[in-house]
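Student: FYI, in numbering that gives the first Met the number 0 the residues of the sequence shown are 0 to 600. Would you mind keeping the following structure in view while I ask a few things?
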Amino acid sequence: MLALALGLGLRALASLLPVPGVWGLDTLRVWPRGQAIAVLLLGAAGFVPAVARALEHAMDAAGALAGRAGIYLDAALGLGVGLALYRLPDPVRWVGDLSTRVGQLVLDAPIGKVFPQAAPLDRWINIMIPRRIMAPGTDVNVALHFVGAFVGGLFAVAALSYLRATGAARGAFVALVALVFGGGYMLHFAGYDKFGPLLVGIALAAYGVMRLAREGRGAWAVGAGVVVCLLSHRSGYAVLPAAAWALVQGFRRPTGTRARIEALAAGAAIVATAAVMLPRALHLLDTIDRVQNLTPPPLAHAPAATRALADAATRGGDALNLLFFLAPLWLAGVAAAWLARPVPAPKVEPAQAPPPTGAPAEAPARAESPARNGAPRFSLAPVALLAILPEAAILLVARGAQGVMRDWDMHVGAALVITLASAAALLAAWRGRGEGGSLAPVLTTALASALALWGTQVSAPRQLARIQLLLSNRAVWSDAAWARAHDFLGVRALQAQRYEEAIRELQAAAAVAPNPRFFFQIGLAQRGLERSDLARASFEKAQALDHRLADAWVGFALLAFDDRDWHRVIACAESALVIAPHRRDAKEMRDNARRALDAGL
C-alpha cells in the first residue's frame, strides 16, 4: 500500500509541479490542470476504504465470471484489445524509428539497406506483411496499425494465459490484468510493432515457466517463446538464463517421460536457434550497438572520474524514468517481492507428554502434491532473478541514439519482464499475508497511469506539447539526439506545409549536426515558399556535403519541373536513380516528364 501510494504521489508531484528530469512521471504535465487532477483522483480512489470495498466486491464478481469463462473470455479480450489498439493509432509517430519505417515502406526501399539490423521475425511481420497489405493501395499507416493491433491481440491472449497459470483468481485476477495491460509497453502496439513479436515471445515463455513450475508441463511454451524472442530481436538473448534454469528444473522434476522429452525438445530448439542467430547478433553488437547504443555521451574537458560519475548518474536516472514510464507499478512489485520472501518458521519443540490413554493414534501426515496445495514444483525466485538481472543491465547500459526519451521502445522487453515478475510477486504476497485491501489501489493506480499515457498518445496536440517539454531541457540531449528530434519536427511541419516552421526546426538540427539531408529538406521548404534561389542553394549545400546523395538530384529535378524544363527533369531524375534505384519519386518525375515531352507540352 505504501509503495502504491508513493508511486502515485510521485506522479502527482511531477505532473502538477515543474520538477525537472522526471519525464517518466510527468505524464500529465501537458494536460489541462483540471483533467490531470481528475486522473490523479481516480488513482487515489482505491485508497479510500468505502470506495475500495465496493470496487473489490465488483472485482471479485468480475473475476469469478472470468474464471468460469476461461479461454473463451481470453480470446474475446484478445480480440477486444486488438480492436482497441487499431482504433487508437499514434498520430505523431515520434517513438523509435517509426517515421523511418513509414518512409521505407512508402519508398519501397531495400530492407537490407535501410534496416540491416532487423531480425528475421521483425522483418517478416513488420515489413513484409505491411507491404503485402499495401499492395492493393492500402495506406501505409493503416497497414502498420493492422499489424500492430493483431500482434497486440496475440500478446493479450499470451499475457492472460500467464496470469491464469499463476493461479490468480477472482479479484486478484482483475487487479493483475489491470497491472499488466496498464504498462507503457502497450503503446508500442499502436501502429509501431518493432518489438511486438519480442513481447509476445516473453509472455509465452513466462506462461510456460509458470506451468512448468506448478504442473510440470509447459516446456513447449518456454521453447516456443524463447525461439520467438531470439528471432525477433538480439535482446531476446536476455531471456536465455531464466529459460535454461526453468527447463533444467522441469527436466529434474518431470511428471512423466513425456514431460522430460518435451523439456529436451524445447532446450534443443532454443540452442539451435541461439546458435544460428549468434553470429548476426555479435555483428550487430559490434557495428551498431557499440557505436549507437552503448557509447556514453561526451563531456568535454572533464576528468575521467567526473565523466564516469556523471554517466552513471545519467544512466541511473534514465533507468528510473523508463521504469516509471513503462512499468508504472514496479515499486509495488518490489515491495510485494520483499513481503513474499520465504521466512523461516520458528522451531517448535515436540510435546513431551504421551497422549492420553485410549486416545486414537494420529495418522501419519501425507505430503500433498504441488497440484493439490498450489505450491510450485520448484522455486520461481531464481527464475525471476535470472530474468530481471540481464534486463536491468540493458536498462542501465543501452541507450538509443535518438535519446532515451524517444528510444524508450528498445526497453519494452525489460519493462514487460519486470511487470510479469511484479504480478507474480503481488499474487504470492496476497496468498502469504492476505490481500490487505490492496486490490483496489492496484486497479485504480494502474488505470490512472494507463489513462495518462494513452490520453497523451492519441492526442497530437498533447503529444507535440510533450515533445516540446522534453526538448526544453537541452542538457539531457546529445547533439545527435537533439538534431534528430528537431529533424523529426521539421519533417512533420514540412509535410503539413508549415514551411517557415519547418525551416526553423531543420536549421536548429543542422546547427549541431550538418547532415546533408537536413539541407535537402530546408530546400524543399524554401521551394514551398516559392524561393527558388534559396531552395537551389540548399540543394547545392546538401550535394557539397555528400556527392552520392540522391536527395540533391531529386531537389534539382523538382526545380526543373517547376520551370517545365522536361529534359533537365529527366536528366536529374536519372542521376538520382543511378545512386538510389529504389527512389519512387524520381521514377514518377522522370515518367511524367517523358509524357509531357510526348504530348508536346
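Where a beta carbon is used, it is the ideal one built from N, C-alpha and C, also for glycine.
(1) If contacts are defined as beta-carbon pairs under 8 Å, then ARG405 and ALA508 qualify, I think. What distance do you get, rounded to the angstrom?
(2) Please determine, among LEU395, ALA380 and ARG92, the residue with the shortest C-alpha to C-alpha distance to TRP244.
(3) Start and end of the alpha helix (DSSP H) containing ASN140?
(4) Would you report the Cα separation of ARG169 and VAL441, rounded to the nearest angstrom?
(5) Flag SER98 as yes if its beta-carbon sits less than 9 Å from any beta-carbon of chain B, otherwise no.
(6) Can you check which of these residues, CYS228, LEU1, ARG251 and GLY102, is closest to ASP138 by C-alpha distance?
(7) What residue does the alpha helix (DSSP H) around MET276 start on, and which one ends it?
(8) Would ASP478 pass as a contact of VAL403 if the rule is Cβ separation under 9 Å?
(9) In whole angstroms, what separates the C-alpha of ARG563 from that of LYS540?
(10) Roughly how many angstroms separate the alpha carbons of ALA601 and ASN140, rounded to a whole number?
(11) If you draw a straight line from the alpha carbon of LEU450 to that of LEU263, how long is it in whole angstroms?
(12) Answer yes or no: do GLY222 and ALA268 have a C-beta to C-beta separation smaller than 9 Å?
(13) Could you tell me the boundaries of the alpha helix (DSSP H) in which PHE555 lies?
(14) Considering GLY104, what are the terminal residues of the alpha helix (DSSP H) in which it resides?
(15) For the alpha helix (DSSP H) containing PHE172, list its first residue and its last residue.
(16) For the segment 479-566, which segments carrying the alpha helix (DSSP H) assignment without a break, of at least 4 residues, lie completely within its bounds, in sequence order?
(17) Taking DSSP as the reference, what is the three-state secondary structure of PHE188?
(18) Can you tell me which of the three DSSP states GLN401 falls into?
(19) Reducing DSSP to helix, strand and coil, say where SER234 ends up.
(20) Where do the ends of the alpha helix (DSSP H) carrying LEU419 lie?
(21) For VAL226 and GLN116, I'd like the C-alpha separation in whole angstroms.
(22) Assuming PRO129 contacts ALA142 (C-beta within less than 8 Å), just tell me the rounded distance between them.
(23) Give me, in chain order, the residues of the same chain whose beta-carbon lies closer than 6 Å to that of GLU367; leave out the 5 immediate sequence neighbours on both sides.
(24) Leaving out five residues before and five after ASP25 in sequence, what residues of the same chain have Cβ atoms less than 6 Å from its Cβ?
(25) Less than 9 Å between the beta carbons of PHE519 and SER98, yes or no?
(26) Just checking, does the segment 425-432 make contact with the segment 333-340 on the three C-beta pairs under 8 Å criterion?
(27) Roughly how many angstroms lie between the CA atoms of PRO604 and LEU7, to the nearest whole one?
(28) Could you please give the first and the last residue of the uninterrupted alpha helix (DSSP H) stretch that includes ILE124?
(29) Could you tell me the distance, in whole angstroms, from the CA atom of ALA271 to the CA atom of TYR236?
(30) Taking a contact to mean a Cβ-Cβ separation below 9 Å, would you say ALA265 touches TYR206 in this structure?
(31) Can you tell me whether SER471 is helix, strand or coil according to DSSP?
(32) Quick one: is ASP597 buried, meaning 16 or more other Cβ sit within 10 Å of its Cβ, or exposed?
(33) Measuring CB atoms only, is the segment 447-465 touching the segment 21-39, in the sense that at least three cross pairs come out at less than 8 Å?
(34) Confirm, please, whether the CB-CB distance from ASN292 to ALA392 is below 9 Å.
(35) Please state the DSSP three-state secondary structure of PHE323.
Tutor: Working from what's here:
(1) About 14 Å separates the two Cβ atoms, so there is no contact after all.
(2) ALA380
(3) 139-164
(4) 14 Å
(5) Reference to chain B is not applicable here, since this structure consists of a single protein chain.
(6) GLY102
(7) 256-283
(8) no
(9) Rounded to whole angstroms, ARG563 to LYS540 spans 23 Å at the Cα level.
(10) Because the chain here runs from 0 to 600, residue 601 falls outside it and cannot be looked at.
(11) 44 Å
(12) yes
(13) Its alpha helix (DSSP H) spans residues 549-561.
(14) Checking the sequence, you will find Leu at residue 104 rather than Gly. LEU104 -> alpha helix (DSSP H) spans 97-106.
(15) 169-180
(16) Correct list: 498-511, 515-527, 531-544 and 549-561.
(17) helix
(18) coil
(19) helix
(20) 411-432
(21) 18 Å
(22) 4 Å
(23) At GLU367 the pLDDT is 35, less than 50, meaning the model places this residue with poor confidence and gives no usable figure here.
(24) ALA13 and SER14
(25) no
(26) yes
(27) With the chain covering 0 to 600 only, the question about residue 604 has no answer from this structure.
(28) No alpha helix (DSSP H) contains ILE124, which DSSP labels as neither H nor E.
(29) 13 Å
(30) no
(31) coil
(32) exposed
(33) yes
(34) no
(35) Three-state result, PHE323: helix.
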